[in-house]
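Residues in the sequence shown are numbered consecutively from -3, following my numbering. Backbone N, C-alpha and C define an ideal beta-carbon position, used for all residues, glycine too.
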Amino acid sequence: MRWWSVANFVSNAGTWMQLTVQNLLVLQITGSAAATGLSMSVQAAPALLMSVLGGAAVDRWPRKLTAAVSQAALAVIAFTTATLVALDRLDMTTLMVLAAVTGTVATVDNPACALLGNDLVPAEDVPSAIGVGALVFNAGRLAGAALAGVTVGFLGTAAAYFANGFSFLFVTAVIPFLRPAAGAVRQVAGRAARRPASDMSVREGLAFFARRPRLLALAGVTGISAVFGRNYGLTLAVLVTGPLAGGAGAFGTVSTVLAAGGIVGAVLGARLRRPSVRLVGALAASGALLQIVAGLSPSLAVLLVLVLPMAVVESVSDTAGAAVLQTDPPAHLRGRVLGVWGSVGTVWSLGGPPALGLLMELAGPRGALITGGVVIAASIASGHLLHRRATLATSVTLPSKDTVPQPTLQTAA
């Protein structure tokens, strides 16, 4: 697990280097901010339709082999892009194709790597392992964004792509030496081997997700939070540079505090032992209330005080939600459930920012934060009340053993 965490840190740092540089590269090629957004959407779009297939592949194939091959494929793509940039042969069409291929490979790589990390610890430690993964992700994000500027300044744009390629190769080299927790992989592989191919279909994963109320509730909480909150890079940027009259430096400070809060939240999330959908909902509602107060902030200093707990709550909620998602399904279905989740999450990531942008156009940054927080909190509260009422109705309808007539008991006996 230590080796896997180090490998993931290196890989995340390389990925964020590339993502940071890619936006600059598109601007250099086209001079268009819209094209920059389009390149990000093209890379995310394959997950909308293909994540369910990628999850099915992870359930069907050996997990270590799948993760190693997908990481090697991502390395090849990064090296190809780096070579084209170094030779000044990269145009916008080629870049879009490479971004789409990267997104396609990621539909297999993401669930494979997530579940491989869970196999390295005992079942009771999986929530902690997911928290450690979140901590590594946030640390790699900070390191990658910082290294991108240094790398481009001294070595050029191509160097960032080469660095990302080597980070993928490092992960590929580590995977064969990973030693899973006793019985974890053998148990999963054995179950998969005994199941007929018809039971390993995409449809089985979709049906399980649709029939599982707690997964549907988790999707609802996460979705409404993703659309009306969480996009702090957009809402807080407009709030800081607009009503609070701050500049780019002020927003940089806010972003740093958000990143620090994410790391603190990941550390706290790693201590979770029994995460639940109820905990995710309570944290999301708390974050919504903090978001409402942030929208009323009279100054940048007050906003900075609120930003840290907002980021902490968001990070712990994400860790708890990921733990539920990766442990609730039976072992032979986890890849496909993660694939379904990837498709659903892509809808939020593609549709959330435009919807939030429209809300800010209509209500302003303060109004968007306040309205979004109210919608999130009210939706979660309504869902909780409906669930409680349904639970009470079920408990009243079902007869207890004491109310069953004696003749019935005798007949059953």
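So, for residue 192: in the same chain, excluding its five sequence neighbours on each side, which residues have a beta-carbon less than 7 Å away from its beta-carbon? With a pLDDT of 48 at residue 192, under the threshold of 50, the modelled position of this residue cannot be trusted, and the question is left open.
What are the complete beta strand (DSSP E) segments, minimum 3 residues, inside the segment 297 to 331? Runs of the beta strand (DSSP E) inside the segment 297 to 331: none found.
Under 7 Å from any heavy atom of the ligand ADP, does the C-beta of residue 356 make it? Absence of the ligand ADP from the depicted structure is noted, as is the absence of any ligand whatsoever, leaving it without description.
At the level of alpha carbons, what is the spacing between residue 94 and residue 6? Their backbone Cα atoms lie some 22 Å apart in a straight line.
Alpha carbon of residue 356 to alpha carbon of residue 83, nearest angstrom: If I take the Cα positions, the gap works out to 42 Å.
Could you say which of 377, 22, 369 and 70 lies nearest to residue 168 if we only look at CA atoms? Restricting attention to 377, 22, 369 and 70, the CA atom closest to the CA of residue 168 is found in 70.
Using 8 Å for Cβ pairs, my map puts residue 283 next to residue 310. What's the rounded Cβ distance? The Cβ separation is near 6 Å, so the contact holds.
At 4 residues or longer, what runs of the alpha helix (DSSP H) sit wholly inside the segment 199 to 283? Runs found: 209 to 224, 228 to 237 and 244 to 265.
Quick one: using the 10 Å Cβ neighbour count with 16 as the cut-off for buried, is residue 55 buried or exposed? So residue 55 counts as buried.
Exposed unless 16 or more other CB atoms sit within 10 angstroms - verdict on residue 173: Around the C-beta of residue 173, fewer than 16 other C-beta atoms lie within 10 Å, and the residue is accordingly described as exposed.
Thinking residue 298 and residue 51 are a contact (beta carbons under 8 Å), I'd like their distance in whole angstroms, please. Contact doesn't hold; Cβ gap of about 43 Å is too wide.
Taking buried to mean at least 16 other C-beta atoms within 10 Å of its own C-beta, is residue 390 buried or exposed? Result: exposed.
Quick check on DSSP: helix, strand or coil for residue -3? Assignment of residue -3 by DSSP, reduced to helix, strand and coil, places it in the coil class.
For the alpha helix (DSSP H) that residue 55 lies in, which residues bound it at each end? 42 to 56 is the extent of the alpha helix (DSSP H) around residue 55.
Measure the beta-carbon distance from residue 272 to residue 340 and round it to whole angstroms, keeping in mind my assumption that it falls under 8 Å. That belief does not hold up - the Cβ atoms of residue 272 and residue 340 are roughly 20 Å apart, past 8 Å.
Assigned exposure category for residue 135 - 16 Cβ within 10 Å defines buried: With a 10 Å radius around the Cβ and a threshold of 16 neighbouring Cβ atoms, residue 135 comes out buried.
CB of residue 103 within 8 Å of CB of residue 379, strictly: No, Cβ-Cβ distance for residue 103 and residue 379 is not below 8 Å.
Could you name each continuous beta strand (DSSP E) segment of 3 residues or more that falls completely within the segment 152 to 179, going from the start of the chain to the end? Counting only unbroken stretches of 3 or more residues, no beta strand (DSSP E) element lies wholly within the segment 152 to 179.
Could you give the C-beta distance for residue 126 and residue 318, rounded to a whole number, given that I count them as a contact under 8 Å? Distance from residue 126 to residue 318 at the Cβ level is roughly 5 Å; contact confirmed, criterion being Cβ atoms closer than 8 Å.
Pick from 253, 171, 65 and 22: whose alpha carbon is nearest that of residue 3? For residue 3, the closest of 253, 171, 65 and 22 by C-alpha to C-alpha distance is 171.
Let me know the secondary structure DSSP gives residue 417 once reduced to three states. Within the shown structure, residues of the chain are numbered from -3 to 409, placing residue 417 beyond reach of any answer.
Would you report the Cα separation of residue 265 and residue 292, rounded to the nearest angstrom? Those two C-alpha atoms are separated by around 28 Å.
Using a Cβ-Cβ cut-off of 6 Å (strictly less than) and excluding sequence neighbours within five positions of residue 77, which residues of its own chain qualify? The residues are 94 and 157.
For residue 295, count the other beta carbons within 10 Å of its own beta carbon; 16 or more makes it buried, fewer makes it exposed. Which is it? Of the residues assessed, residue 295 falls on the exposed side of the cut-off, its CB having fewer than 16 other CB atoms within 10 angstroms.
Could you check the C-alpha separation between residue 225 and residue 366 for me, to the nearest Å? Just so you know, the alpha carbons of residue 225 and residue 366 end up roughly 10 Å apart.
Local Cβ density within 10 Å of residue 67, reported as buried at 16 or more and exposed below that: Residue burial is scored here from C-beta neighbours: residue 67 has at least 16 other C-beta atoms within 10 angstroms and is therefore classed as buried.
May I ask you to report which of helix, strand or coil DSSP gives residue 197? Residue 197 falls in the coil class under three-state DSSP.
Run the CB neighbour count on residue 245, radius 10 Å, all protein chains shown included, and call it buried at 16 or more, exposed below. So residue 245 ends up on the exposed side.
Would you report the Cα separation of residue 208 and residue 218, rounded to the nearest angstrom? So the two alpha carbons sit approximately 16 Å from each other.
Return yes when the Cβ of residue 111 is within less than 8 Å of the Cβ of residue 59, no when it is not. Yes; because the gap between Cβ atoms is below 8 Å, this pair is in contact.
Quick one: is residue 24 buried, meaning 16 or more other Cβ sit within 10 Å of its Cβ, or exposed? It is exposed - the Cβ of residue 24 has fewer than 16 other Cβ atoms within 10 Å.
Measure the alpha-carbon distance for residue 254 versus residue 304 and round it to whole angstroms. Using only the alpha carbons, I get a separation of about 6 Å.
Please state whether the Cβ-Cβ distance between residue 0 and residue 140 is less than 8 Å. No, Cβ-Cβ distance for residue 0 and residue 140 is not below 8 Å.
Quick check on residue 85: does DSSP put it in helix, strand or coil? It is coil, neither helix nor strand.
Residues near residue 16 in its chain [Cβ-Cβ closer than 6 Å; skip 5 each side]: Within the same chain, Cβ atoms closer than 6 Å to the Cβ of residue 16 are found at 141 and 144, the five residues on either side in sequence being excluded.
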